[in-house]
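Chains as they are written, first to last, in the working numbering: chain E, 525 to 768; chain W, 525 to 768.
Heads up, the beta-carbon is just placed ideally off N, CA and C, and yes, glycines get one too.
Values in this document were obtained by computation on a predicted structure and should not be read as measured data.
Everything on this sheet refers to the single structure shown next.
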DNA sequence: GACTAAAATATGTCTAGACATATTATCCAG
DNA sequence: CTGGATAATATGTCTAGACATATTTTAGTC
């Protein structure tokens, strides 16, 4: 059993769909037909077809059968790597510096209000560099009620993202991506002209309903491209299951 | 059987993980223990735990057991809706106009070269409006070898994205998001000042290895925010399975 | 014809096993 | 003490059924 049968079945069905041989709307063979074709139990073909359904390649309807789904670009996988890893993956030298750190009384207005934090917060501003040049300015607010140990962490040595990842569990996150012209302060920090087009990535992170941290990274427009890849099939043509 | 048992098990395990009661690295109960606890067959608990693994909540290792995964913000779901739906969802009036249409000989340089198209292509430039104001300028190239019927389609009446979705199957897509300052031509089309920060979404779409279309949408910076939501668990607290 | 009840049927869920496979722990020999 | 063979064990895959559930088709009734 070099290759599990259910993966082989998934891959063969996925190939028919992706090649266009089975167009959207086409009813793929019933489970009992696949059972006969592959000479296996229904649970096996069911697992194969269910995987295609999970990948969005087919829609299943009781009594009616399973149908090739209409293609739709509705969701893409946006990979947001750790800044340091991102910079080093480009073969550039990574640099990090803490610009500002202060304790802040509770407040709930603005972007940060989405965290619904009640207690005091730690506010950090730091800068990441690639080959010495400013790569991104990060503004971060950490809810000390959710992460008390952050108050004594050494954020001059460790970037807040890396520290939080290692110390605090989270359950939900939301990202927002926007373009904006750099204001004078930001322009100074990023070493660009005021008004220069920048990409801003904002992220809120929660655990349960409790806000943990809000973060805003601003990149000079030409320094960073967010890349999102999407494949409707989770199955490569070689039968390997790709991660979604 | 109001709620399938395997979903109930998944939801209960997910709740323990998300609450922090089972921290990253914690070994969740063995399948035979869950089998005893829930009084069901191993296939049922296996399906439940496998779903958690697929959702990235746990890592499974033979002989060792299943362990709560380290949380990581590595991938987010970027939802990119149809422009018309997006505008209308905001309660604004949608407008569309075709600015330019021409047949182009094959060429393979630049962004478009990623399509690896051999034959002639159709090049379109169009503009989408929200409440009368420019919302985005779309530049699109369609590979006529992959979609011959595009040559006779009426893109003055139907936006190319909607037309392609209905007429051409695709298998892979890639998005790129960047910020840039508007050049004079773009600034005129978007009715903003030259240099104004804009958000640019570029998308390439393939079927198999064959490029179908390349698209570039540029939004005035303040008009559009891309939103990506991420939850490590595919299971809501109510046991419902959320889509990934 | 329109509406309703019943039969048919494909998928959804689940069981109680079996054997395969990867990995860890153990024990033994050198 | 170290390296390697061996045993133990948790997950991975699969079978051959069973019953549940949703939906469509069919048959029957008003």
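The Cβ of residue 667 (chain W) sits no closer than 8 Å to any Cβ of chain E. Partner residues in a beta bridge of residue 748 (chain E), as assigned by DSSP, do not exist. Distance between residue 684 (chain E) and residue 604 (chain E), taken at the CA atoms: about 15 Å. Interface annotation, residue 719 (chain E): in contact with chain W, CB-CB separation under 8 Å. Closer than 8 Å to the CB of residue 542 (chain E) there is at least one CB belonging to chain W. One alpha carbon belongs to residue 620 (chain E), the other to residue 553 (chain W), and they sit about 41 Å apart. Between residue 721 (chain E) and residue 721 (chain W), the gap from beta carbon to beta carbon is short of 8 Å. Cα atoms of residue 533 (chain W) and residue 545 (chain E): separation of roughly 39 Å, rounded to the nearest angstrom.
For residue 689 (chain W), the uninterrupted alpha helix (DSSP H) segment begins and ends at 684-691. DSSP places residue 706 (chain E) outside both helix and strand once states are collapsed to three, so it counts as coil.
Taking C-beta separations shorter than 7 Å and ignoring five residues to either side along the sequence, the partners of residue 737 (chain W) in its chain run 664, 665, 666, 667, 688, 729, following chain order. Straight across, the Cα-Cα distance linking residue 561 (chain W) with residue 573 (chain W) is about 14 Å. Taking the Cβ atoms as the reference, residue 690 (chain W) lies roughly 17 Å from residue 727 (chain W), outside the contact range of under 8 Å.
Residue nearest to residue 717 (chain E) within the set E:701, E:733, E:744, E:700 is E:744 (criterion: CA-CA distance). For residue 741 (chain W), the three-state secondary structure derived from DSSP is strand.
Residue-level contact by beta carbon holds for residue 722 (chain E) and chain W, with a gap shorter than 8 Å.
Taking 8 Å as the CB threshold, residue 694 (chain E) lines the interface with chain W. Ranking E:693, E:583, E:710, E:542 by CA distance to the CA of residue 542 (chain W) puts E:693 first.
Between the alpha carbons of residue 699 (chain W) and residue 734 (chain E) lies a gap of roughly 32 Å. Counting only Cβ-Cβ distances below 8 Å, residue 582 (chain W) has no contacts in chain E at all, with the closest Cβ about 14 Å away. Rounded to whole angstroms, residue 529 (chain E) and residue 568 (chain E) show a C-alpha spacing of 8 Å.
With a 10 Å radius around the Cβ and a threshold of 16 neighbouring Cβ atoms, residue 551 (chain W) comes out exposed.
For the segment 650-667 of chain E, there are no residues whose beta carbon sits under 7 Å from a beta carbon of chain W. In terms of Cβ geometry, residue 651 (chain W) and residue 725 (chain W) do not form a close pair [threshold 8 Å].
For the segment 696-709 of chain E, the set of positions with a beta-carbon nearer than 9 Å to some beta-carbon of chain W reads 696, 697, 698, 699, 700, 701, 702, 703, 704, 705, 706 in chain order. Assignment of beta-bridge partners to residue 550 (chain E) by DSSP yields no partner. At a cut-off of 8 Å, the C-beta of residue 745 (chain W) has a neighbouring C-beta in chain E.
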